[in-house]
Every structure is written in structure tokens, then in C-alpha cells.
Amino acid sequence: MGRANTDGGSLMAFLENRSSLHCTVQLTIEGRGVIFSRSAAVQEATMTSITCDSLPPGYGQILQVMQSNNEAGQVSYRWSHKFRMSTAVPGWELHKPLLGLK
14 MGRANTDGGS
24 LMAFLENRSS
34 LHCTVQLTIE
44 GRGVIFSRSA
54 AVQEATMTSI
64 TCDSLPPGYG
74 QILQVMQSNN
84 EAGQVSYRWS
94 HKFRMSTAVP
104 GWELHKPLLG
114 LK
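In the working numbering, the protein residues as written are 14 to 115.
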């Protein structure tokens with residue numbers, strides 16, 4: 014888990030699967046004064062983004078981009094992640110929320 018308090022700033026989460034296994038990562042980011050590139054839920058002024066992505070061997074992906082949405086400048090956020098490696102293709106959706114253009 015990580016945590017930051019700063020004046021402005023951004024965060025980009027990237028996964029590169031260099032293994033011979035399928036890799037699944039669940040990334041959770043909670044922040045105040047931020048916006049996300051992929052969907053997020055709002056609860057009492059806190060934005061929460063939970064993404065879950067599965068990548069085959071040899072692939073990489075930007076998981077989430079977060080940036081300041083607060084012109085006053087004060088931003089706070091924390092993040093955590095969970096990994097799962099498997100020899101088989103996952104039996105669930107490969108990307109939640111789905112990837113695509115807005």
C-alpha cells in the first residue's frame with residue numbers, strides 16, 4: 014500500500030507481464046481532489062477506483078491514470094494492489110471496467 018499528500022501531481026499505474034504465466038492485478042486507488050481515466054465511484058468527496066485486469070504473457074497495459082482535479086492544489090490518495098498468476102487463461106472478464114474511449 015502507498016500513500017501521498019501533495020500539491021497537485023498525478024499517478025500512472027502500468028503493468029508489464031514478463032512472465033510465462035497469465036497475470037491478474039486488482040488495483041484500488043482512493044483519493045480526494047483527483048480524477049481518473051477509468052471509471053470511479055464517489056463517496057463523501059472521496060473518489061475510489063477499483064480496476065481488475067488480466068494480461069497474457071508478454072503484454073503490458075496502463076491500468077489507471079489519476080490527476081489532480083483541485084485547482085486549490087491539495088491532493089491526497091492511497092493505493093493498494095493484489096496479484097494473481099495462473100497457467101490458465103482466466104475464466105472471467107479480462108478488464109473491469111472495460112477498456113475503451115470515452
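The beta-carbon is built from N, C-alpha and C at its ideal position, and this holds for glycine as well.
Since we're looking at a predicted model, the values are computed, not measured.
Spatial distance of Thr61 from Ala54 (CA atoms): 5 Å
Whether Gln77 touches Arg51 by CB criterion (7 Å): yes
CB contact flag (Asn30, Tyr90, <7 Å): no
Going by alpha carbons, who is nearest to His94 out of Trp105, Ile42, Leu68? Ile42
Under the assumption that Met25 contacts Phe49 (Cβ atoms under 8 Å), give the Cβ distance between them as a whole number of angstroms. Not a contact, Cβ separation roughly 11 Å.
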